[in-house]
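Just so you know, the protein sequences line up as chains A and B, in that order. For what it's worth, the numbering used here labels the leading residue of the first sequence as 1, then goes sequentially. For what it's worth, the numbering used here labels the leading residue of the second sequence as 1, then goes sequentially. Cβ coordinates follow ideal geometry from the N, Cα and C atoms, glycine included. These figures come from a predicted structure and were not determined experimentally. Inspection log for the structure reproduced underneath, given as structure tokens.
There are 2 protein chains.
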Amino acid sequence: MVGGGQLARMTCQAAIPLGIQFRVLADTAVDSAAQVCPDVRLGDYHQLDDLLAFAAGCDVVTFDHEHVPGEHLAALAAAGVPLAPGAGPLRYTQDKLAMRRELTRLGVPCPRFAAVADVAGVARFAGQAAGWPVVLKAVSGGYDGRGVWVCDDAAAASEVLAHGIGLLAEEYVPFQRELAALVARSAHGQGAAYPVVETVQRGGVCHEVLAPAPGLPAAVAEEAQRLALDIAGSLGVTGLLAVELFETGHGLLVNELAMRPHNSGHWTIEGARTSQFEQHLRAVLDLPLGAPQPAAARTVMANVFGGQDPDVYARYVHVMAADPGVKVHMYGKAVRPGRKIGHVTVTGSGAGEESLGVLRGRALRAASYLGTGKESGA
Amino acid sequence: MVGGGQLARMTCQAAIPLGIQFRVLADTAVDSAAQVCPDVRLGDYHQLDDLLAFAAGCDVVTFDHEHVPGEHLAALAAAGVPLAPGAGPLRYTQDKLAMRRELTRLGVPCPRFAAVADVAGVARFAGQAAGWPVVLKAVSGGYDGRGVWVCDDAAAASEVLAHGIGLLAEEYVPFQRELAALVARSAHGQGAAYPVVETVQRGGVCHEVLAPAPGLPAAVAEEAQRLALDIAGSLGVTGLLAVELFETGHGLLVNELAMRPHNSGHWTIEGARTSQFEQHLRAVLDLPLGAPQPAAARTVMANVFGGQDPDVYARYVHVMAADPGVKVHMYGKAVRPGRKIGHVTVTGSGAGEESLGVLRGRALRAASYLGTGKESGA
């Protein structure tokens with residue numbers, strides 16, 4: 001797996017019971033995955049030589065992120081390195097304009113969008129689409145760690161345009177909530193769909209995942225799963241595909257795609273018969289996929305964000321004593337305020353003492369206390 | 001953890017989400033745990049110097065087996081190495097006569113037993129106890145890989161005595177079935193008890209674990225848990241304690257003790273809120289214990305034994321395609337006929353299509369096929 005973040009760390013963990021030999025390409029020996037993996041290669045995924053050296057001897061190469069340059073992906077493929085997903089589908093995670101165009105071509109419902117090069121173009125899009133605000137997105141990468149800007153007017157759009165990066169404009173969707181549909185597609189085309197989840201965001205950052213999405217009509221859930229399976233098949237994805245969706249009064253719209261294990265699927269470690277990390281391994285190795293069925297009626301995942309006090313481990317004793325049922329997943333990352341450094345998961349029946357509200361309270365309390373030493377975060 | 005077997009391998013896996021730095025003392029770099037652990041020290045646990053070098057810098061030292069010589073445990077403790085469990089309780093896993101005497105002193109129900117030195121002693125024990133057959137057990141270790149012999153008569157006992165090892169005689173218990181009670185006790189004395197399980201043995205080897213033990217009256221289950229918690233407390237165990245029990249027409253009798261993760265607890269990885277491996281880590285690090293409650297109504301674990309064809313991985317595709325819900329745990333061990341090389345777990349509701357019978361059939365079929373390439377093993 002190229003990339004040494006927490007996704008590689010948790011995939012490494014999932015490789016152990018299957019006896020799969022797992023190698024990581026990490027930037028440094030203290031990367032999240034490098035801390036737990038016995039076969040770490042240090043290198044720079046921007047360098048083709050590093051990628052080629054890393055790939056030598058691997059049955060398949062997969063990815064913890066979508067940042068490997070497209071020309072390197074093509075060169076790896078040309079050198080005979082089996083990539084999963086391949087350079088073709090990965091392009092749609094690296095070029096949002098290409099993604100929007102391809103999804104539209106496939107008839108997948110998306111927010112209205114347009115390529116924009118200047119303020120006049122953004123204003124024209126606003127006039128033709130849903131008016132202001134307009135969402136500007138970096139076509140590729142971003143600027144200063146950000147890739148999405150909600151612009152209330154032309155002046156705000158002008159500021160974003162000043163960064164000089166490629167942008168597309170999207171209509172601002174007044175959604176009811178955000179959902180995620182996670183599916184796997186194996187090399188020979190077998191598909192498996194996890195229950196559709198609700199992702200609870202604050203300030204554009206996922207804080208909670210509720211599995212399955214509470215109160216989602218079965219027909220809508222099936223539509224979301226079908227949409228995700230169709231996209232995976234049409235784009236030729238091998239491995240996991242996470243489709244982030246807006247639930248609106250007029251149906252579902254596709255927001256983003258990710259072709260790897262995804263934050264919206266961390267709940268599957270305890271909450272599903274097959275974790276997303278095991279599923280990704282099975283898919284990219286062309287093994288039959290595991291059962292995506294839930295292992296508990298309700299699962300709540302809450303992300304842990306760092307606070308001022310870096311000593312997370314000193315807080316274990318309190319979190320574990322307060323709630324023996326909460327599952328702690330820390331990523332071994334240096335603590336910085338607001339940085340995602342772990343997650344917690346709580347499972348239950350969804351009724352009585354394990355109602356969704358109780359489970360959410362437990363997950364949020366544990367996550368907040370772990371991250372900041374305070375009962376309630378934010 | 002001293003010892004590089006599958007127990008250390010699965011404990012290593014459990015250390016990852018908790019961000020616990022896990023070091024293994026292994027005999028070779030291809031030991032089961034050494035394959036997956038980034039911090040492996042190669043050494044011989046019979047050598048005090050190797051143990052001391054291994055322990056340097058560890059917050060606590062725990063064990064994958066009970067074979068570290070008692071004098072080395074004492075020397076480690078004297079050198080200030082924190083051991084969990086300590087040399088005191090570990091003695092009772094190394095000296096079965098001391099174990100029997102101590103349990104009897106504590107009022108714990110055990111089979112009748114006596115130290116024996118010659119055939120006359122065995123015959124005398126048979127006359128005073130339950131007659132023939134008599135079970136002879138090595139007080140410590142064993143001979144040629146065995147430590148238990150069921151002797152039908154004096155001639156058979158004589159053969160065992162000829163090995164010249166220390167022996168105790170125990171009455172042959174006509175038990176109804178075998179149970180196991182797994183508990184954890186943390187350094188500061190917190191206890192947690194898992195549901196009592198049935199262990200299904202063939203030829204003295206555990207093949208299946210049924211969790212919870214089917215049809216076990218609640219009062220008997222509680223008695224077994226209480227017995228195990230009392231033994232852990234009385235002996236001062238830190239970490240896990242597995243108590244193997246005979247269920248007889250006259251109540252429970254203690255057969256064996258193990259102070260480490262145990263084969264009878266592998267089901268907890270999927271089947272309980274906290275796996276035995278995480279629980280052991282929490283206990284020996286004096287963290288609050290995790291919830292031992294079941295995560296599924298019924299869990300069946302079946303051991304995988306090697307067959308003639310060593311290529312287990314070639315059989316993944318068939319096992320996974322036939323049963324997407326079976327969880328595979330392979331230990332990375334060289335395949336030899338009859339050797340335990342992994343286990344599989346199946347969870348379910350216990351009713352209808354997930355009845356205990358169905359779950360057992362699925363687990364046994366997967367285990368047999370993985371191990372031997374045949375649908376039914378033995």
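Using the three-state DSSP reduction, which class does residue i fall into: helix, strand or coil?
i, result
"Ala114 (chain B)", "strand"
"Glu375 (chain B)", "coil"
"Leu216 (chain B)", "coil"
"Ala56 (chain B)", "coil"
"Pro17 (chain B)", "helix"
"Lys333 (chain B)", "coil"
"Gln176 (chain A)", "coil"
"Ser275 (chain B)", "coil"
"Glu208 (chain B)", "strand"
"Tyr316 (chain A)", "helix"
"Ala151 (chain B)", "The sequence given here places Cys at residue 151 (chain B); Ala does not occur at that position. Strand at Cys151 (chain B)."
"Tyr430 (chain B)", "Because residue 430 (chain B) is not part of the residues shown, which for chain B are 1 to 378, the question remains open."
"Ile231 (chain A)", "helix"
"Arg100 (chain A)", "helix"
"His72 (chain A)", "helix"
"Gln293 (chain A)", "coil"
"Arg124 (chain A)", "helix"
"Ala193 (chain A)", "strand"
"Ala157 (chain B)", "helix"
"His46 (chain B)", "coil"
"Gln201 (chain B)", "strand"
"His343 (chain A)", "strand"
"Gly460 (chain A)", "Limits of chain A in this structure are 1 at one end and 378 at the other, which puts residue 460 (chain A) out of reach."
"Arg260 (chain A)", "coil"
"Glu66 (chain B)", "coil"
"Gln23 (chain B)", "Residue 23 (chain B) is actually Arg in this sequence, not Gln. Three-state DSSP puts Arg23 (chain B) in coil, outside helix and strand."
Rounded to the nearest angstrom, how far is the Cβ of residue i from that of residue j, given a contact under 8 Å?
i, j, result
"Gly348 (chain A)", "Arg298 (chain A)", "5 Å"
"Lys374 (chain B)", "Thr345 (chain B)", "The pair is not a contact, with the Cβ atoms about 20 Å apart (cut-off 8 Å)."
"Leu304 (chain B)", "Leu370 (chain B)", "The amino acid at residue 304 (chain B) is misidentified as Leu; the sequence shows Val. Rounded, the Cβ-Cβ distance is 5 Å, consistent with contact."
"Ala77 (chain A)", "Gly86 (chain A)", "7 Å"
"Asp383 (chain B)", "Arg260 (chain B)", "In the structure as shown, chain B begins at 1 and stops at 378. Residue 383 (chain B) is therefore absent and cannot be evaluated."
"Pro17 (chain A)", "His329 (chain B)", "4 Å"
"Pro294 (chain A)", "Pro212 (chain A)", "7 Å"
"Ala138 (chain A)", "Gly145 (chain A)", "About 11 Å separates the two Cβ atoms, so there is no contact after all."
"Gln84 (chain A)", "Val60 (chain A)", "The amino acid at residue 84 (chain A) is misidentified as Gln; the sequence shows Ala. Indeed, because the Cβ distance is near 5 Å, the residues count as touching under 8 Å."
So, does the CB of residue i fall closer than 7 Å to a CB anywhere in chain A?
i, result
"Gly332 (chain B)", "yes"
"Leu241 (chain B)", "no"
Interface residues of chain A around residue i at Cβ under 8 Å?
i, result
"Gln13 (chain B)", "Gln13, Ile16, Pro17"
"Ala295 (chain B)", "Glu270, Ala295, Ala296, Thr347"
"Tyr313 (chain B)", "Gly19"
"Arg282 (chain B)", "Met320"
"Arg9 (chain B)", "Ile16"
Can you name the residues of chain B whose CB is closer than 7 Å to the CB of residue i?
i, result
"Val416 (chain A)", "Coverage of chain A is limited to positions 1 through 378, which leaves residue 416 (chain A) absent and any answer about it impossible."
"Asp316 (chain A)", "It is worth fixing the name first, because residue 316 (chain A) is Tyr in this sequence and not Asp. Per Cβ cutoff of 7 Å: Leu287."
Could you name the residues of chain B that residue i contacts, counting a contact when the two beta carbons are closer than 9 Å?
i, result
"Gly290 (chain A)", "Met320, Pro324, Gly325, Val326, Lys327"
Could you tell me whether the Cβ of residue i comes closer than 7 Å to any Cβ of chain B?
i, result
"Arg273 (chain A)", "yes"
"Ala378 (chain A)", "Bear in mind that the predicted position of Ala378 (chain A) carries a pLDDT of just 41, short of 50, making it unreliable; the figure below should be weighed with that in mind. So, not an interface residue."
Please compile the residues from chain B whose C-beta is within a distance smaller than 8 Å of the C-beta of residue i.
i, result
"Cys37 (chain A)", "Pro38"
Starting from the beta carbon of residue i, find every residue of chain A whose beta carbon is closer than 7 Å, and list them in chain order.
i, result
"Arg100 (chain B)", "None at all; the shortest Cβ gap to chain A is about 34 Å."
Quick check: the region 225-234 of chain B against the region 93-111 of chain B, are there 3 or more CB pairs under 8 Å? Contact holds: three or more Cβ-Cβ distances are below 8 Å.
Does the structure place the region 130-142 of chain B close enough to the region 166-181 of chain B that three or more beta carbon pairs sit under 8 Å? yes
I'd like to know if the region 181-192 of chain A and the region 160-167 of chain A are in contact, where contact means that at least 3 CB-CB pairs between them fall below 8 Å. Verdict: no, contact absent.
Stretch-stretch touch, CB-based, cutoff 8 Å, three pairs: the region 269-288 of chain A with the region 198-207 of chain A: no
Would you say the region 213-222 of chain A touches the region 79-94 of chain A, given that touching needs at least three Cβ pairs under 8 Å? no
Could you tell me whether the region 257-273 of chain B touches the region 92-102 of chain B, where touching means 3 or more Cβ pairs closer than 8 Å? yes
Mind the definition here: the region 332-344 of chain A touches the region 236-251 of chain A only if three or more C-beta pairs lie below 8 Å; say whether that holds. No, they do not touch.
For the region 356-368 of chain A against the region 4-22 of chain B, do three or more pairs of beta-carbon atoms, one drawn from each stretch, fall closer than 8 Å, so that the two count as touching? Because the criterion of three Cβ pairs below 8 Å is not met, the region 356-368 of chain A and the region 4-22 of chain B do not touch.
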